[in-house]
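Chains as they are written, first to last, in the working numbering: chain U, 1400 to 1681; chain B, 10 to 260.
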């Protein structure tokens, strides 16, 4: 009885939302579900448009690049800070301010980037006061720029404190400082120690969490909505734009793209489960 | 030399958002190129006093986050009992899908059914939509709980004649209490921080703090956006100050 109820709730809250949503998206994208007054008829045209229209494919490529580079940037900064911080950390506790960034939502982080890096933001004002630039217009464009530098910086800012805590925790638990001492007394160079001792412990061990964070950035929405440019936009924005468009013709393209994204996420999640369960069994 | 100051620079970097937002929240105007904004306390009173701004979105966000966190933690814990079975990896995979999909896209895909069921643009609709992420999340969190030890305990209680429901309530819930608390806190933050899904399903009708922050930032209304942001980050910030120090390793 309890198991049946648990199964029913699982299906209701977990299985139905993703699969019903995906089926609907697939149905609309293949023309099997008609929109407005349109009669349903099977078509591949929306998928063809999606793959042939450069904008959509560009957006997918850009999103993957954005996520990968943001995670790599954040992980590199955290890794670089690891040694100096470990040396100054006698116990196993971290002071409160390390956790402050974890309490900042993406939307507030985006607002902060906006207030700090916009043409009339804090950095631009400081630069003017210091005489580095004459006025606001000379400040480099970092917000709503075409490359999405502001978006990238905000994601790095959000991810790096989390990675730092994660890496510090792994390094402390595995007593990295002792391993480092042993390796160095055996004659290993610091580059070798970083590659053969620190990297396996802090990066490989935390790989599932890094992948989850990568997937989160793939779905980024509010940050590029506020800070991104108009030319290249991340997947979530393009999908929502197409779906909310006034033209009935572009809506199925939005659904095709969303189905494509959903299947991609499913495959990535599958990889993640494999990775986690291997760790769990070990 | 640089290394000595690393922790201090980090502290400054980590606190910078809160410092700037607090400064802006108490300011009347921020004329270029002055670095510090001018102070104006009336603005703050105006914001808190007005019913459409300030306190109302704060209350909506609070109620929403409390309901979503308690409901998803309870349902997630109850359903995670299924992990005692054989289909472990499949169940984990099914839960990772909604957890990994961008909330706004998840919402866009099932919005049609929400419209059919008259759940669109309603508070109940937004709560249900957030449960679609909260429940799988709790399920995933509890995947580490159902280990060999708990399964043995379960069998022992079963042999002594406890029904599955009694086992869950009297054996597993007390043992899982700390994990349950973690789930509630994280889900509270998830709901408290959520924007895309709330905006899509709520169709702008449900004005939570995140929806307001977005609106004011886009309008270029920096000081009001800062006020709403401050209300948004204050509860987690106070919680961190209360906890003070966190143990991160077990040596």
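C-beta: ideal position from N, C-alpha, C; glycine also. Computed from a predicted structure; not experimentally measured.
With distances taken Cα to Cα, identify the nearest neighbour of residue 68 of chain B among B:164, B:244, B:45, B:250.
Within the second chain, residue 68 of chain B is the residue found at index 59, counting from 1. Here the closest residue by C-alpha is B:244.
In chain U, which residues lie with their C-beta within 7 Å of the C-beta of residue 102 of chain B?
Residue 102 of chain B sits at position 93 when you count from the first residue of the second chain. Here the neighbours are 1668, 1669, 1672.
Residues of chain B with CB closer than 8 Å to the CB of residue 1642 of chain U, please, in chain order.
Reading the first chain from its first residue, position 243 is the one you call residue 1642 of chain U. The answer, in chain order, is 117.
Could you please give me the residues that DSSP links to residue 264 of chain B through a beta bridge?
Here chain B covers residues 10 to 260 and nothing more, so residue 264 of chain B does not appear.
Taking CB distances under 8 Å as the criterion, tell me whether residue 1498 of chain U reaches chain B.
Along the first chain, one-based indexing puts residue 1498 of chain U at 99. So yes, residue 1498 of chain U belongs to the interface.
Check the C-beta distance from residue 1470 of chain U over to residue 1558 of chain U and give it rounded, since I have them as a contact under 8 Å.
For the purposes of this step, residue 1470 of chain U is identified with residue 71 of the first chain, where counting begins at 1. For the purposes of this step, residue 1558 of chain U is identified with residue 159 of the first chain, where counting begins at 1. About 6 Å separates the two Cβ atoms, so the contact holds.
Taking DSSP as the reference, what is the three-state secondary structure of residue 1538 of chain U?
Working through the first chain from its first residue, we reach residue 1538 of chain U at position 139. Coil at residue 1538 of chain U, not helix or strand.
Give me the chain U residues within the contact set of residue 250 of chain B, using Cβ-Cβ distance strictly less than 8 Å, ordered along the chain.
Residue mapping note: residue 250 of chain B aligns to position 241 of the second chain, counting from 1. Those are 1495, listed as they occur along chain U.
Measure from the alpha carbon of residue 101 of chain B to the alpha carbon of each residue in B:232, B:134, B:231, B:155, then state which is nearest.
Position 92 of the second chain, counted from the start, is the residue given in the question as residue 101 of chain B. Residue B:155 is the option with its Cα nearest to residue 101 of chain B.
Following the continuous alpha helix (DSSP H) through residue 103 of chain B, name the residue where it begins and the one where it ends.
Your numbering for residue 103 of chain B matches position 94 in the second chain. 97-109 is the extent of the alpha helix (DSSP H) around residue 103 of chain B.
Could you tell me whether any Cβ in chain B is nearer than 8 Å to the Cβ of residue 1484 of chain U?
In the first chain, counting from the first residue as 1, residue 1484 of chain U sits at position 85. Yes, contact with chain B.
Is there contact between the stretch 246-253 of chain B and the stretch 1520-1538 of chain U, where contact requires at least three CB pairs shorter than 8 Å?
In short, these stretches do not touch, since the Cβ pair count stays below three.
Can you say whether residue 181 of chain B is buried or exposed, counting buried as having 16 or more other CB atoms within 10 angstroms of its CB?
For the purposes of this step, residue 181 of chain B is identified with residue 172 of the second chain, where counting begins at 1. With 16 or more other Cβ atoms within 10 Å, it is buried.
Taking 6 Å as the limit between beta carbons, can you name the residues of its chain near residue 1560 of chain U, skipping five residues before and five after?
Reading the first chain from its first residue, position 161 is the one you call residue 1560 of chain U. Excluding positions up to five away in sequence, the list reads 1500.
Please list, in chain order, the residues of the stretch 105-132 of chain B that have any C-beta partner in chain U closer than 9 Å.
Taking 9 Å as the Cβ-Cβ cut-off against chain U, the residues of the stretch 105-132 of chain B that qualify are 105, 106, 107, 108, 109, 110, 111, 112, 113, 114, 115, 116, 117, 118, 119, 120, 121, 122.
If contacts are defined as beta-carbon pairs under 8 Å, then residue 81 of chain B and residue 147 of chain B qualify, I think. What distance do you get, rounded to the angstrom?
Position 72 of the second chain, counted from the first residue, corresponds to residue 81 of chain B. Position 138 of the second chain, counted from the first residue, corresponds to residue 147 of chain B. Yes, they are in contact, since the Cβ atoms of residue 81 of chain B and residue 147 of chain B sit about 6 Å apart, within 8 Å.
What is the rounded straight-line gap between the Cα of residue 1462 of chain U and the Cα of residue 1624 of chain U?
Position 63 of the first chain, counted from the first residue, corresponds to residue 1462 of chain U. Position 225 of the first chain, counted from the first residue, corresponds to residue 1624 of chain U. Approximately 13 Å between the Cα atoms of the pair.
Got a sec, what are the start and stop residues for the alpha helix (DSSP H) residue 227 of chain B sits in?
Looking up residue 227 of chain B in the second chain gives position 218. Looking at the DSSP string, the run of the alpha helix (DSSP H) that includes residue 227 of chain B is 218-228.
Please look up how many angstroms separate the CB atoms of residue 119 of chain B and residue 1420 of chain U, rounded, as I've assumed it's under 8 Å.
Residue numbering aside, residue 119 of chain B sits at position 110 when the second chain is read from its first letter. Residue numbering aside, residue 1420 of chain U sits at position 21 when the first chain is read from its first letter. Confirmed, about 4 Å.
Are at least three pairs of beta-carbons, each pair with one atom in the stretch 83-94 of chain B and one in the stretch 213-224 of chain B, less than 8 Å apart?
No, they do not touch.
Inspect the CB distances between the stretch 1402-1419 of chain U and the stretch 1635-1646 of chain U and report whether three or more fall short of 8 Å.
Output reads no: the stretch 1635-1646 of chain U does not touch the stretch 1402-1419 of chain U.
Look at the alpha carbon of residue 1453 of chain U and the alpha carbon of residue 159 of chain B, and state the distance between them as a whole number of angstroms.
On the first chain, residue 1453 of chain U is found 54 positions in, with the first residue counted as 1. On the second chain, residue 159 of chain B is found 150 positions in, with the first residue counted as 1. Approximately 53 Å between the Cα atoms of the pair.
Counting only C-beta atoms, is residue 1621 of chain U closer than 8 Å to chain B at any point?
Position 222 of the first chain, counted from the first residue, corresponds to residue 1621 of chain U. Interface residue, yes.
Quick one, which of U:1576, U:1526, U:1607 has its alpha-carbon nearest residue 1671 of chain U's?
In the first chain, the residue the question calls residue 1671 of chain U occupies position 272. Of U:1576, U:1526, U:1607, the residue nearest in Cα terms is U:1607.
With three or more C-beta pairs closer than 8 Å as the rule, is the stretch 222-229 of chain B touching the stretch 136-143 of chain B?
In short, these stretches do not touch, since the Cβ pair count stays below three.
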